[in-house]
Amino acid sequence: MKLTGVELREIRLPLVAPFRTSFGTMTDRTVLLVRAESTDVEGWGECVAMADPLYSSEYTATCADVLRRFLIPALGRVRDLDAVGVAPALAPFRGHRMAKAALEAAVLDAELRTRGVPLARELGAVHDRVPCGVSVGIMDSVPRLLDAVALYLDQGYRRIKLKIEPGWDVEPVRAVRERFGDELPLQVDANTAYTLADARHLARLDPFDLLLIEQPLEEEDLLGHAQLARTLATPVCLDESITSARSAAAAITLGACTVVNIKPGRVGGYLEARRIHDVCAAHDIPVWCGGMLETGIGRAANVALAALPGFTLPGDTSASNRYYRTDITEPFVLADGHLPVPEGPGLGLAPLPDALEEVTVGTEWIAL
Ligand code: SMG
Ligand code: MG
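Okay, so the sequence shown: first residue is 7 according to our numbering, each after it adds one.
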């Protein structure tokens, strides 16, 4: 394939409800979409970076900048481009994994459409639907939290993840356990809000039999996570710290985690995400698919990935209406607590032109 150009498109979608985490409150989602065009096919990728550098150092504007200045021009210099060739072509440029992942995803979609192969099949999926969890933000009060959890359980979600921070941890977990029982698959996510000095406090979560505690300490602190993991009965899962198959192998070897959250955007793409899946499977480490409030574009790809055999825990692969009143694709609808794995070539779907236009903030064409 030879790319003729790439379109960058910034869109903004209002969230159905504010989403509060230990690092801030979101009321809308800015997303950078990447559309790669060759002479006979186009492919779509979604960049998971947020508008502000709060979850990660990358943010929407840095992604657009590095894509237009360096990453897209580098692909223009590749003769027979395919998805496997994207990461090596971009390797000279340090970091910027979220930007690289979006570009690789667009090329992968274009390539698979040409070959007539669904992404799930290409990645090695073994299921045609995936069980879904939901990530529940920090609320103003415990009664509000219980109402929100009750609503999600009514909708059929198979697992609840509570966002936590100092001051909102043991009590909300206790309340959810008491109200919904010991059988509810329950986990928590701190988004780096604690330090090792909080180890004894975090051990107070142990009696609640959580599936895992996600990313309690800061991103760089693998050693701290290893020390913490030795003092907690709750399994430690890493999210922000896992940026590649190599870092996953290091974290596992160090004992920094016994579960891994795989987000393709955070690790540079779906091909690296599959390698992390393989590394974890070789170590008997369960994985699950994280979420970054994706539109239908990113969600379609995440659901395909979550259908691989090592994804043994429900992911943050919630239905479109968990986030958005109107998605930019046909919406993903929960059925019996599951989302269907798309069956068509590539992503198996594309943006609906009118819905896309409605939320577009700006577009830019980079000709090659
Ligand atoms: O897409 O359901 C989703 C969001 C899941 O909690 C979620 N994501 O750290 O795992 C995480 C967070 C990152 C984004 S929070 C604004
Ligand atoms: Mg997380």
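A virtual CB, placed ideally from N, CA and C, is assigned to each residue, including glycine.
beta-carbon residue i near the ligand MG non-hydrogen atom, thresh 6 Å
i: D175; result: no
i: D245; result: yes
i: D195; result: yes
i: L226; result: For the record, residue 226 in the displayed sequence is Glu; it is not Leu. False, no ligand heavy atom lies under 6 Å from that Cβ.
i: E220; result: yes
C-beta atoms of residue i and residue j nearer than 7 Å
i: I303; j: E52; result: yes
i: L152; j: R185; result: yes
i: T10; j: T36; result: no
i: G321; j: P124; result: no
i: V113; j: V92; result: yes
i: T369; j: R15; result: yes
i: K169; j: D195; result: yes
i: P191; j: R165; result: yes
i: N267; j: G296; result: yes
i: A126; j: A310; result: yes
i: D188; j: Q221; result: no
i: L109; j: V40; result: yes
i: V54; j: M7; result: no
i: R18; j: V367; result: yes
i: V6; j: V155; result: Residue 6 lies beyond the stretch modelled for the chain, which goes from 7 to 374, so this question has no answer here.
i: V285; j: A255; result: yes
i: F29; j: N197; result: yes
i: A80; j: A95; result: yes
i: T399; j: P357; result: Since the first residue shown for the chain is 7 and the last is 374, residue 399 is missing from the structure and cannot be characterised.
i: A235; j: G261; result: yes
i: A209; j: E171; result: no
i: L118; j: G350; result: no
i: R74; j: I291; result: no
i: G138; j: T323; result: According to the sequence shown, residue 138 is Cys rather than Gly. Yes, the Cβ-Cβ distance between C138 and T323 is below 7 Å.
i: L314; j: G130; result: yes
i: L375; j: Y329; result: No information on residue 375 is available, as it lies outside the stretch 7 to 374 that the chain covers here.
i: Q161; j: L340; result: yes
i: H386; j: G316; result: This structure does not reach residue 386, given that the chain is present from 7 up to 374, and the question cannot be answered.
i: I78; j: V136; result: no
Distance between beta carbons of residue j and residue i, contact taken as under 8 Å
i: T240; j: L211; result: 6 Å
i: P346; j: D134; result: 7 Å
i: V140; j: Y163; result: 4 Å
i: H289; j: I258; result: 5 Å
i: V90; j: L277; result: 7 Å
i: F214; j: V179; result: 5 Å
i: R26; j: G143; result: 4 Å
i: R272; j: S62; result: 7 Å
i: Q193; j: L223; result: So it is not a contact: roughly 16 Å between Cβ atoms.
i: L228; j: S247; result: 6 Å
Heavy atom of the ligand SMG within 6 Å of residue i beta-carbon
i: S141; result: yes
i: S250; result: no
i: Y61; result: yes
i: T31; result: no
i: S324; result: yes
i: L299; result: yes
i: T66; result: no
i: I296; result: It should be pointed out that residue 296 corresponds to Gly in this sequence rather than to Ile. Yes - the ligand SMG has a heavy atom lying nearer than 6 Å to the Cβ of G296.
i: T1; result: The requested residue 1 is not part of the displayed model; the chain covers only 7 to 374.
Residue i - partner residues in DSSP beta bridges
i: V136; result: L345
i: E48; result: E43
i: D34; result: P20
i: D195; result: K169 and E220
i: V12; result: A42 and I372
i: R26; result: T31
i: S147; result: Partner(s): none; S147 has no beta bridge.
i: S141; result: K167
i: G352; result: P124
i: V266; result: L244 and V293
i: G321; result: C138
i: A366; result: The residue asked about is misnamed: residue 366 is Thr in this sequence, not Ala. According to DSSP, which records beta bridges pairwise, T366 is partnered with I17.
i: C53; result: L38
Contact with chain C by residue i, beta-carbon distance below 7 Å
i: L217; result: Here there is only one protein chain, and chain C is not present.
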